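Step one of this worksheet: look at the structure below.
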Ligand code: HEM
Ligand SMILES: Nc1ncnc2c1ncn2[C@@H]1O[C@H](COP(=O)(O)OP(=O)(O)OP(=O)(O)O)[C@@H](O)[C@H]1O
Ligand SMILES: Nc1ncnc2c1ncn2[C@@H]1O[C@H](COP(=O)(O)OP(=O)(O)OP(=O)(O)O)[C@@H](O)[C@H]1O
Ligand SMILES: [Mg+2]
Ligand SMILES: [Mg+2]
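Residue numbers (the numbering used here), protein chains in the order written: chain H, 1 to 218; chain A, 1001 to 1218; chain F, 2001 to 2052; chain D, 3001 to 3257; chain Z, 4001 to 4204; chain X, 5001 to 5204.
See the structure below:
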C-alpha cells in the first residue's frame, strides 16, 4: 500500500506527471475572475471565498481524468487487481495520492490567491480550514467518478458531468464556512456538516469505487 | 471543405460524439456559482454577466482536447494534410465545426442560465450579442492551442494552460460588453474591440495553427 | 370557450402549452423509437434464422 | 398458492419474453385510462374551476406542476428500486426498466421546472429563486442527465447496467445530502407540502389547505400521470428489451454463430 | 498448488466463447493453450486470474496463487527498470529483485527509465515481474511477443527453473518454446450458440 | 507523372536515417521498398508525401500526385463504410465510390458503422480510399497488414488495374505480393553517423 502511494507520488513529480497543473489551473481561473466580473475590490471581497472554493473544485475536477486512466491504459490496473491488495485499499490510496498532489497544493495556494481577490483578513484561516476539511472529500468522490468512467475513450467531460452533482453538498458547506468566516459569523454548524460529509465519504465511498472498478475491469 | 464540415458535425451528433457535453458543463458551472457565493439574487445579478462569460469560456476550453486529437489518433489528420485541401482551410473548418457544436449552443443556452443568476432584463440582448461575437474567437484560439498540443498524451491540462492566457483579451472585452449592457451603460467601445479581436483572430490565427500543425505532423 | 384567465392568461396558457408539448413529444418519440426498434429486430431475427 | 410460489410468480415477469407478452396485453388499458384521467383532470381543472382569490387564474398551473413534480421524484425512486433488484437478483428486465424510465423522469422534471418557473414570474416576481425545493429539483435534473449520459457512453449492456445502478445508489444518497445542504444554505419561498397532508384531504386542516374545488381535478391529474408513467415505462422497457435482443443477435452473427 | 478447472464456461462482452472446459495443472507442469485468434485464450486467462466471473463451472486452487501477465506490461515509462520492479516486489511482499534482473539480462539496463527501452526489453521487464511475485502458478498471455530468439531461450530457462522449484505455468502462445509441456487445444471447446428463440432469462 | 528522387537524405526525430537515396518511378511501374524494421521506410514515404521535409536532395513530380496510406487508416468508427468513403471522395473531388466498394468486396458491408468491422475489413476500407483519391502515384505503407490471403489477391488485382491505367505505386512491405515489380533494398542507404566533433550547425 505504502509502495503504491510512493510510486504514485513519484510518478506525479517526474516529467509529464501532472504535478502542479491543477494548481496552475486554479491560479488562472482565479486571475480570470476579476477580468470577468470587474475589478471593484468590495465586490471581489464578497465573492472571494466562493470563487476560491469553486476554483479549487474545478481544478480538482480537471485532474481527475488521469487519476486511474493512465494505470488502466498500460495494464497496471489489471495487475494491481490480481495482486494481494484489496481493491478498496487501492482506490483509497489512489484518492490519497490525488489529494496530496492536487488538493494539498490548492489548500496551500488558496491564501495567496485570496490576496488577489481582496479576501478580508479574518477569512484566511477559515478558508484554509474549510479547504483542508473539504478537499479530501473531493478527491474521494472524484475517484468514484474516475472509476465509473475508466474504460471510456475521452470520458473527461462525462466524468465532470457525473461528479459535479456529487460535489454539491461539499461545496455548499465548504463555501459556507469560508463565507461565514470571512464576515465573522459563527461557522460551527457548516463546519461540522463538512467534517461529517468528508468522514462519511472517506469511510464509505471507496467500497463503491472498488465495486465499480471491478465491473470495469472484467 | 463543406464535406469536412459536414463530417465533423455528423461525428459530433453521433453517439459518443460529445455534442452537448460542453453545454452540460456550462450549465453545471453556472449552477455551482450560487452554491459557492450564496443565493442572494442582488449579488448574483451583479456578477451574472461575468460568470456566464467565464462559464462559457471554460466550457469551450474543456471541449478543445477532442478538437484535433481524435483525428490525430486515427490517422485522419495525416491523410487530410496530404489531401488537396490547404491546411489553413482544414483548421478553419475544424474551428468552425467546434464553434457550431460548442459555441453556438452556449450562446443559445446563456439566456436560460441568465435566469438562474437573476440577470437583469436589459442584459440578455447584450449577453447574447457579446457571446455571439466572442465565441468564434474562443474556437479559433482554441484550435491553435489544440494544434500545439496534438501529439501529446493527455495534453488536456497543458492545453488549458496554454490557451487560457490567450483567452484573456476576448474575455475582458466580452464580459465588459455583457456587464455594461446589464446595467444599461453604453457598450460601443468594448463591442468594437471584441469584434476587432474576433475578426483579427479568425483572419490570421489559422495560418499559425496550420504552421504548428505541420510541425507536429512531421 | 376558453375561460377568462384575467391578467394571467399568458402565464397559464404558456405553462399548459409547454407541458403538453413536452408530454406529447415524449409519447410520440417513445412510440416512434419503439416501432423502429421492433421492425429492425424482426428483420435481424429473420435474417439470423435464415442464415443459421 | 403458497407465499413462496407467489413470490416466484412475480419474478417470472423478469423473463424478457414473458414481460413482453404481458406488457403487450396490459398496455392498451394503461394508455386509455391514463389518457382519460389526464384529459378529464386537465379539462376539469382548466375550464371548470374558479380562480383562487390570491393567485388568480395561475392556480390552474397546479394541475400540471404538482403531478409532474411528484412523478419526477417517484420516477427516481422507481429507478432506485429496479437498480437494487438488478444488483441483487440480476434480472435484466429490471435494469432495462430503469434505463427506460430515466428519460421519462427527465421530461417530468423539465415540466415541473418549466411550469414552476412560469408560475414563479407572477407569484414571486422572478422566474427563478434559489429556493431549497427548486434547487434540489435542479440537482435531481443533473443526476438524471448524468445517469442517462452514462448509459449511453458504455457499449457493453451488462457493464452499463451495473455501473448505472451503482451510480443511482450513490446518487440517491448524495441527492438526499444535497437536499439538507440546500435547506441549510437558504430558506425558501416555496409552498410547503399540503396536498398530501391528511388534513387537506379530509378538509379539516384550516391553514394552507387546497380546497376541494381544486383538489378533485388535481387528484385526477395525479392518477393520470401515474398511469401515464406506467404506460410509458412498460412500453419503453419493451423497446429496450427488443434493442437488447437485436444487439445480442447481431453480435452472435458477427462471431459467426 | 494444483489448479483444477472443471466444466468451465466463459463469456466475453456478454457472448459465451468457451464451454465445457476441464483440466488440471499439477505442480512442476506446464500447460500450453493453443487456438486460433479470437477463440478466447485471453478471456480464459483473465477468468482464472479472477478478473472476470465464469459463466458456470468450478475453478479450484487459483485464488491468490496465480501471477498473471497480460498483453500489456503495466510498465511506467518515467520510472527506471529497478523502480518498476521494486514496486511490484513490495506489492507482492517480496524483497529480492536482483535474481529477476539477472534472469532476464536486465542488469545493464537497471537504471534506464523504462520508457527508453525497446519493445523487446520492455517485454523482458514485464516477464521479470513474474519472478518477484513469488507466486506458484504463472499465467502468461503470449509472453514471447516481440522477443528475439535469444530472449526466448532465456525465458524458457526461467520457466524450467520455476518448474524445478515446484511452480507451474499456463501459457497461451502460438510458437514452440522448446518446453516439455502438455498442449491444450481450445478449438473443440468453442461455445455453441443457443437456439435463438430460447429467451429464458437472456435475450437469445 | 514520373516520380524522381535524387540524392535524398531523411531524418526521424532529428536523427538521420537514410542518405544518398536516388530512384525513379515511371508510370505503370511498382517499386517495392524493403529493409529491416527501423531502417526508415515509413519515414521515406512520409517525406515523399510532403508530411516532413527532407534533409537534402530533390524530389520531383510528387506534389499533389501522391495518395498516401499510412499504418492508420483514418476511419471514423461511428460513420458507415459508405459515409467514410464518400467523405474522402468529396475531399479529393471525385464522385464514384461504387468501383472502390466493389474492388475490395465491401458492398455487403456498405451500411455497417466502420467501428463494427473486423481488423481486415477496416484495412480493406482504408485501401479502398486510394481508389477514390483519383491520384496517379500510390504510396502504401505495409498495406497487407491483417489482410487474409484472399484479400491480398484482391489488393494485387487492384494494383494491376491501377498500373494498367497509367498509375504507379510505391509499396513498403515485407511479404511477396506476386506483382512484377522492382525491389529497392534500403539497408545500403542507412545514414552513417557523422564524426561527433563536427558541430557545424548541429550538436553532433
Ligand atoms: C421552477 C420552480 C419550481 C419548482 C422546481 C417546483 C417544484 C415543486 C415540487 C418538487 C413540488 C413537490 C410536490 C410534493 O412533494 O408534494 C411542488 C409542489 C408545489 N408547488 Fe412548486 N415548484 C416551483 C415553483 C412553484 C411556484 C412558482 C409555485 C406557486 C407559487 C409553486 C406552487 C406549488 C404548489 C402549490 C405545490 C403543491 C404543494 C403541495 O401542496 O404539496 N411552485 N413544486
Ligand atoms: N472488449 C471486447 N468486447 C466484446 N468482445 C470482445 C472484446 N474483446 C474480445 N472480444 C471477442 O471475444 C472473443 C475472445 O477474445 P480473446 O481476446 O479471448 O481471444 P484470444 O484467443 O485471446 O485471441 P488472440 O489470439 O487474438 O489473442 C473474440 O471473438 C473477440 O472478438
Ligand atoms: N517518433 C519518433 N521519434 C524519434 N525516433 C523515431 C520515431 N519514430 C521512429 N523513430 C526511429 O526512426 C527510425 C526509422 O523509423 P521508421 O518508422 O521510418 O522505420 P520503418 O523502416 O518504417 O520500420 P518498420 O518496419 O518497423 O515499420 C527508427 O530507428 C525508429 O527507432
Ligand atoms: Mg489474446
Ligand atoms: Mg514503418
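Just so it is clear, CB atoms sit at the ideal spot from N, CA and C, and this is done for glycine as well.
This one's a predicted model, so the numbers in the text were calculated from it and none came from an experiment.
(1) Is residue 5139(X) near residue 5045(X), with beta carbons less than 8 Å apart?
(2) Helix or strand or just coil, what does DSSP make of residue 5078(X)?
(3) Buried or exposed: where does residue 5111(X) fall if 16 or more other Cβ atoms within 10 Å of its Cβ makes it buried?
(4) Which bits of chain A does residue 5070(X) rub up against, with CB to CB less than 7 Å?
(5) Going along the chain, which residues of its own chain have a beta-carbon closer than 8 Å to the beta-carbon of residue 3022(D), five neighbours each way excluded?
(6) Residue range of the alpha helix (DSSP H) that residue 139(H) falls in?
(7) Pop quiz: residue 3249(D) and residue 2027(F) are said to be a contact at Cβ under 8 Å. What is the actual Cβ separation, rounded to whole angstroms?
(8) Smallest Cα separation from residue 119(H): which of 206(H), 23(H), 184(H) and 9(H)?
(9) Take the Cβ of residue 3238(D) as the centre, count every other Cβ of all protein chains shown within 10 Å, and call the residue buried at 16 or more, exposed below.
(10) Chain Z partners of residue 14(H), CB-CB under 7 Å?
(11) Can you check the segment 5136-5197 of chain X for any beta strand (DSSP E) of at least 3 residues that lies completely inside it and give the ranges in chain order?
(12) Quick check: the segment 132-141 of chain H against the segment 166-185 of chain H, are at least 3 beta-carbon pairs closer than 8 Å?
(13) Can you find a C-beta in chain F that's less than 8 Å from the C-beta of residue 3114(D)?
(14) Within 10 angstroms of its Cβ, does residue 5011(X) collect 16 or more other Cβ (buried), or is it exposed?
(15) Less than 8 Å between the C-beta atoms of residue 1003(A) and residue 5090(X), yes or no?
(16) Can you tell me the Cα-Cα spacing of residue 5164(X) and residue 5155(X), whole angstroms?
(17) Roughly how many whole angstroms lie between the Cα atoms of residue 1177(A) and residue 1126(A)?
(18) Given this structure, state the Cα-to-Cα distance separating residue 4082(Z) from residue 4097(Z), to the nearest angstrom.
(19) Check whether chain A comes within 8 Å of residue 5075(X), counting only Cβ atoms and requiring the distance to be less than that.
(20) For residue 5094(X), name the three-state secondary structure that DSSP assigns.
(21) For residue 3048(D), count neighbouring Cβ atoms within 10 angstroms of its own Cβ and tell me buried if that reaches 16, exposed if not.
(22) With DSSP as the reference, label residue 4201(Z) as helix, strand or coil.
(23) Pull up the distance between the alpha-carbon of residue 5115(X) and that of residue 5079(X), whole angstroms please.
(24) Quick one: what's got a C-beta closer than 7 Å to residue 1208(A)'s C-beta in the same chain, skipping five residues either side?
(25) Just to confirm my understanding: we take residue 1014(A), look at its own chain, exclude 5 residues before and 5 after, and list those with CB closer than 7 Å. What are they?
(26) Say whether chain Z places a C-beta atom closer than 8 Å to the C-beta of residue 24(H).
(27) So with Cβ pairs under 8 Å, would you call residue 66(H) a contact of chain Z?
(28) Taking the alpha helix (DSSP H) that residue 5066(X) falls in, what are its first and last residues?
(29) Over the uninterrupted alpha helix (DSSP H) stretch that includes residue 3033(D), give me the two end residues.
(30) Taking Cβ positions, are residue 116(H) and residue 31(H) nearer each other than 8 Å?
(31) Should the segment 67-85 of chain H be called in touch with the segment 1054-1070 of chain A, which here means at least 3 C-beta pairs below 8 Å?
(32) Would you please state the rounded distance, in angstroms, between the beta carbons of residue 4067(Z) and residue 4135(Z)? I believe it to be under 8 Å.
(33) Can you look up residue 186(H) in the DSSP assignment and give me helix, strand or coil?
(34) Under 8 Å Cβ to Cβ from residue 4018(Z), same chain only, skipping five residues before and after it: list those, please.
(35) Excluding five sequence neighbours on each side, which residues of the same chain lie with their C-beta closer than 7 Å to the C-beta of residue 1201(A)?
(36) State yes or no: is the C-beta of residue 3061(D) within less than 8 Å of the C-beta of residue 3115(D)?
For this structure:
(1) For this step, residue 5139(X) is matched to residue 139 along the sixth chain. For this step, residue 5045(X) is matched to residue 45 along the sixth chain. Their beta carbons are under 8 Å apart, which means residue 5139(X) touches residue 5045(X) by this criterion.
(2) Looking up residue 5078(X) in the sixth chain gives position 78. Three-state result, residue 5078(X): coil.
(3) Translated into positions along the sixth chain, residue 5111(X) becomes position 111. By the 10 Å Cβ count, residue 5111(X) comes out exposed.
(4) Translated into positions along the sixth chain, residue 5070(X) becomes position 70. By Cβ distance, chain A contributes 1075 and 1078.
(5) Residue mapping note: residue 3022(D) aligns to position 22 of the fourth chain, counting from 1. Around residue 3022(D): 3013.
(6) Position 139 of the first chain, counted from the start, is the residue given in the question as residue 139(H). Where residue 139(H) is concerned, the enclosing alpha helix (DSSP H) stretches over 123-148.
(7) What you label residue 3249(D) is simply residue 249 of the fourth chain in a count that begins at 1. What you label residue 2027(F) is simply residue 27 of the third chain in a count that begins at 1. Actually they do not touch by this definition, with Cβ atoms about 28 Å apart.
(8) Residue mapping note: residue 119(H) aligns to position 119 of the first chain, counting from 1. Here the closest residue by C-alpha is 184(H).
(9) Your numbering for residue 3238(D) matches position 238 in the fourth chain. Label assigned to residue 3238(D): buried.
(10) Taking the first chain and counting its residues from 1, one reaches residue 14(H) at position 14. 4078, listed in chain order.
(11) 5137-5141, 5168-5172 and 5182-5185
(12) yes
(13) Taking the fourth chain and counting its residues from 1, one reaches residue 3114(D) at position 114. By this cut-off, residue 3114(D) is an interface position.
(14) Working through the sixth chain from its first residue, we reach residue 5011(X) at position 11. Per the 10 Å Cβ criterion, buried.
(15) Numbered from its first residue, the second chain carries residue 1003(A) at position 3. Numbered from its first residue, the sixth chain carries residue 5090(X) at position 90. A contact, by the Cβ cut-off of 8 Å.
(16) Within the sixth chain, numbered from 1, the residue matching residue 5164(X) stands at position 164. Within the sixth chain, numbered from 1, the residue matching residue 5155(X) stands at position 155. When rounded, the distance between both Cα atoms is 14 Å.
(17) Start at 1 with the first residue of the second chain, and residue 1177(A) comes out as number 177. Start at 1 with the first residue of the second chain, and residue 1126(A) comes out as number 126. So the alpha carbons of these two residues sit roughly 7 Å apart.
(18) By 1-based counting over the fifth chain, the position of residue 4082(Z) is 82. By 1-based counting over the fifth chain, the position of residue 4097(Z) is 97. Each residue's Cα considered, the two are about 8 Å apart.
(19) Sequence index remark: in the sixth chain, residue 5075(X) carries index 75 (1-based). Chain A, which has a Cβ nearer than 8 Å to the Cβ of residue 5075(X), makes this yes.
(20) In the sixth chain, the residue the question calls residue 5094(X) occupies position 94. Residue state, collapsed to three classes: coil.
(21) As a position in the fourth chain, residue 3048(D) is number 48, starting the count at 1. Burial call: exposed.
(22) One-based indexing of the fifth chain puts residue 4201(Z) at position 201. Note that residue 4201(Z) scores a pLDDT of 47, beneath 50, so its modelled location is shaky and nothing firm can be said.
(23) For the purposes of this step, residue 5115(X) is taken as residue 115 along the sixth chain, with counting starting at 1. For the purposes of this step, residue 5079(X) is taken as residue 79 along the sixth chain, with counting starting at 1. Computed Cα separation, rounded: 8 Å.
(24) The count along the second chain starts at 1 and reaches residue 1208(A) at position 208. Once the five neighbours on either side are set aside, the close Cβ partners of residue 1208(A) are 1144.
(25) By 1-based counting over the second chain, the position of residue 1014(A) is 14. There are no such residues.
(26) Stepping through the first chain from its first residue, residue 24(H) is reached at position 24. False, the Cβ-Cβ gap to chain Z never drops below 8 Å.
(27) Along the first chain, read from residue 1 onward, the residue named residue 66(H) stands at position 66. No - not a single Cβ of chain Z is within 8 Å of the one on residue 66(H).
(28) Position 66 of the sixth chain, counted from the start, is the residue given in the question as residue 5066(X). Note, residue 5066(X): premise wrong, no alpha helix (DSSP H); beta strand (DSSP E) at 5066-5069.
(29) Residue 3033(D) sits at position 33 when you count from the first residue of the fourth chain. That run of the alpha helix (DSSP H) goes 3016-3047.
(30) Taking the first chain and counting its residues from 1, one reaches residue 116(H) at position 116. Taking the first chain and counting its residues from 1, one reaches residue 31(H) at position 31. Yes, they are a contact pair.
(31) no
(32) As a position in the fifth chain, residue 4067(Z) is number 67, starting the count at 1. As a position in the fifth chain, residue 4135(Z) is number 135, starting the count at 1. Contact flag correct, Cβ pair sits at about 4 Å.
(33) Position 186 of the first chain, counted from the first residue, corresponds to residue 186(H). Residue state, collapsed to three classes: coil.
(34) Translated into the one-based positions of the fifth chain, residue 4018(Z) becomes position 18. These residues qualify, in order along the chain: 4008, 4009, 4010, 4039, 4040, 4043, 4044, 4186, 4189, 4190 and 4191.
(35) Locating residue 1201(A) in the second chain gives position 201, where the first residue counts as 1. Same-chain partners within the cutoff: 1137, 1140 and 1141.
(36) Translated into the one-based positions of the fourth chain, residue 3061(D) becomes position 61. Translated into the one-based positions of the fourth chain, residue 3115(D) becomes position 115. Yes, the pair counts as a contact, with Cβ atoms nearer than the cut-off.
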